[in-house]
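There are 2 protein chains.
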Amino acid sequence: MPIQKVTKEEVVNQALLLFKKRGYHRTSMADLAEACGLLKGSFYHYFSGKEALMKEVLGAVHSYFKAKIFVIAYDETLLPRERLEKMLAKQIRVASSTEGGCLMGNMAIETALVTDEFRPAMRTFFDEYLDALAHVYSYKYDAKKARQMAEQAMVEYEGAWVMVKLTDSSHYLQDVLERAMTRFDAAESNNVTEKL
Amino acid sequence: MPIQKVTKEEVVNQALLLFKKRGYHRTSMADLAEACGLLKGSFYHYFSGKEALMKEVLGAVHSYFKAKIFVIAYDETLLPRERLEKMLAKQIRVASSTEGGCLMGNMAIETALVTDEFRPAMRTFFDEYLDALAHVYSYKYDAKKARQMAEQAMVEYEGAWVMVKLTDSSHYLQDVLERAMTRFDAAESNNVTEKL
DNA sequence: GTCTATAAAACGATAGAC
DNA sequence: GTCTATCGTTTTATAGAC
Numbered sequence: 001m002p003i004q005k006v007t008k009e010e011v012v013n014q015a016l017l018l019f020k021k022r023g024y025h026r027t028s029m030a031d032l033a034e035a036c037g038l039l040k041g042s043f044y045h046y047f048s049g050k051e052a053l054m055k056e057v058l059g060a061v062h063s064y065f066k067a068k069i070f071v072i073a074y075d076e077t078l079l080p081r082e083r084l085e086k087m088l089a090k091q092i093r094v095a096s097s098t099e100g101g102c103l104m105g106n107m108a109i110e111t112a113l114v115t116d117e118f119r120p121a122m123r124t125f126f127d128e129y130l131d132a133l134a135h136v137y138s139y140k141y142d143a144k145k146a147r148q149m150a151e152q153a154m155v156e157y158e159g160a161w162v163m164v165k166l167t168d169s170s171h172y173l174q175d176v177l178e179r180a181m182t183r184f185d186a187a188e189s190n191n192v193t194e195k196l
Numbered sequence: 001m002p003i004q005k006v007t008k009e010e011v012v013n014q015a016l017l018l019f020k021k022r023g024y025h026r027t028s029m030a031d032l033a034e035a036c037g038l039l040k041g042s043f044y045h046y047f048s049g050k051e052a053l054m055k056e057v058l059g060a061v062h063s064y065f066k067a068k069i070f071v072i073a074y075d076e077t078l079l080p081r082e083r084l085e086k087m088l089a090k091q092i093r094v095a096s097s098t099e100g101g102c103l104m105g106n107m108a109i110e111t112a113l114v115t116d117e118f119r120p121a122m123r124t125f126f127d128e129y130l131d132a133l134a135h136v137y138s139y140k141y142d143a144k145k146a147r148q149m150a151e152q153a154m155v156e157y158e159g160a161w162v163m164v165k166l167t168d169s170s171h172y173l174q175d176v177l178e179r180a181m182t183r184f185d186a187a188e189s190n191n192v193t194e195k196l
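Chains A and B are the protein sequences, given in the same order. Using the UniProt record's numbering, the first residue of the first sequence is number 1, and each one after it goes up by one. Using the UniProt record's numbering, the first residue of the second sequence is number 1, and each one after it goes up by one.
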């Protein structure tokens, strides 16, 4: 009797952990199957292939961020400053809770120039991410400046993971958070400050 | 027939181009051989294997940056501000001149958590890079602050490539340069500014 | 002959797919 | 579990320079 040993959701979750830690090309279907306690052939019952599996993983990450991270930016029960801090802190905490840093950033670096398969999903993710950050900054800055601040926070965050992976010192991530907050607070200061 | 079709240097250079564009795991020995006009077996007269080849590539990149980029930071014929701008602009120009962005950053993301083989070489590279940037900032800031500024420029630069790869818009890199210069110039301002 | 860069063929292992 | 393709690697042979 075809009793399902693991749900599709669990398979996606295990795949997320492995892809995040070992990357796309270094993670084999056998690795994934073993992590789920399945025979590797069983995978094709859930997904049409490795690419389709990764797309589901990216979709799951996107859904999670939409529901748990991006929404914070629009939570009107919090002050804008609190939203920014909560958003960035949570994102750092979530990404740090399992090995591998930011899956979207990793995949962008590893696959963006090799295949177009994952690009649309990743672009949408980062667009919404930037929109959320820019929305918070827009309480203090005009739209253009808010967008720049969002982009700056984003590139600092992604770049910080490069250094964290090499050095194992997480202060790079904390510094990203602190600077993002400092820039938010600096809006009242002089023009020179605003340009930073 | 000891008539060399390609020199070892040319092999390393071709490998650099391919590894930069397609990543380590997506680049096969056959790909590399084809790019050099050789059969893949012939590679093993130059290198003991793929890892050894990559190590040579990383060494070549390091040597290039030492000779052409890092030295700018210590060039006393230039003003400190000019050094910073020249350094960052040249690095952006060099990395953008061929596909794939920053090889060191790409490799850090792709391999740092999977193997320790390349880690020491990459760490040394980024350490010297940070030292060079911090040295320039140290003309305007104390050692600790200069180091933070260097780290910020670094993470912004590496993170910018994530966005460039996804969006094909290079403004992310120009913004990194502009902000690094603005922070350099902001040293004379008030304390709030200096913290950015 | 000896040396060496390349070609050619084939190795075992492992990949993704079914 | 089996398939086929391809991976990195190894081996053998060949061709030209000394």
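Glycine residues also receive a C-beta, built at the ideal position from the N, C-alpha and C atoms.
- Close to chain A, meaning a Cβ-Cβ distance shorter than 7 Å, are the following residues of the segment 98-125 of chain B: E99, G100, G105, N106, A108, I109, E110, A112, L113, V114, R119, M122, R123.
- Counting only Cβ-Cβ distances below 7 Å, K21(B) has contacts in chain A at L113, in chain order.
- In terms of Cα proximity to V94(B), the closest of L173(B), I3(B), M181(B) is L173(B).
- CA-to-CA, the gap between Y44(A) and V12(A) works out to about 13 Å.
- DSSP places S170(B) outside both helix and strand once states are collapsed to three, so it counts as coil.
- With the rule of 3 Cβ pairs closer than 8 Å, the segment 12-28 of chain B does not count as touching the segment 167-183 of chain A.
- When rounded, the separation of the alpha-carbon atoms in A30(A) and E99(A) is 20 Å.
- Using a Cβ distance threshold of 9 Å, F184(B) and R81(B) count as a contacting pair.
- With a cut-off of 8 Å on Cβ pairs, the segment 120-129 of chain A is in contact with the segment 60-73 of chain A, counting three or more such pairs.
- A check of alpha carbon separations from L16(A) across M107(A), Y141(A), A150(A), D75(A) identifies M107(A) as the nearest.
- If you look at I3(B), you'll find it isn't in any alpha helix (DSSP H); DSSP assigns it neither H nor E.
- Taken through DSSP and simplified to helix, strand or coil, F19(B) comes out as helix.
- When only Cα atoms are considered, M163(A) and I3(B) end up about 44 Å apart.
- With respect to V6(B), G41(B) sits apart: the two C-beta atoms are not nearer than 9 Å.
- Of all residues in the segment 147-180 of chain A, the ones placed with a Cβ closer than 8 Å to any Cβ belonging to chain B are Q148, E151, Q152, M154, V155, E156, Y157, E158, G159, A160, W161, V162, M163, K165, L166, T167, Y172, D175, V176, R179, in chain order.
- A straight line joining the alpha-carbon of L78(B) with that of L58(A) spans about 47 Å.
- Counting only Cβ-Cβ distances below 7 Å, R26(A) has contacts in chain B at H25, V114, in chain order.
- Shown here, K144(B) sits in a helix according to DSSP, grouped into three states.
- Burial is judged here by how many other beta carbons sit within 10 angstroms of a residue's own beta carbon; K8(A) has fewer than 16 and is exposed.
- Between R83(B) and A73(B), the alpha-carbon positions lie close to 5 Å from each other.
- For R123(B), the uninterrupted alpha helix (DSSP H) segment begins and ends at 119-137.
- In its chain, beyond the 5 residues on either side, I72 have a beta carbon closer than 6 Å to the beta carbon of K86(A).
- A direct Cα-to-Cα measurement between A150(B) and A134(B) gives close to 5 Å.
- Using a 10 angstroms sphere on the CB of E188(B), the tally of other CB atoms stays under 16, which defines it as exposed.
- The three-state secondary structure of L113(A), taken from DSSP, is coil.
- Within its own chain, the residues whose Cβ lies closer than 6 Å to the Cβ of Y157(A), once the five positions on either side in sequence are excluded, are V176, listed in chain order.
- Under a 10 Å Cβ-count criterion, L32(B) is classified as buried, with 16 or more other Cβ atoms of the shown protein chains found around its own Cβ.
- One alpha carbon belongs to E10(B), the other to Y129(B), and they sit about 25 Å apart.
- Within the segment 33-102 of chain B, the runs of alpha helix (DSSP H) at least 4 residues long that lie entirely inside it are, in chain order, 50-68, 80-97.
- K68(B) sits exposed, since fewer than 16 C-beta atoms from the chains shown fall within 10 Å of its C-beta.
- Cβ-Cβ distances below 6 Å link E56(A) to V12 in the same chain, with the five nearest sequence neighbours on each side left out; the list follows chain order.
- Secondary structure at Y24(B): coil, using DSSP grouped into helix, strand and coil.
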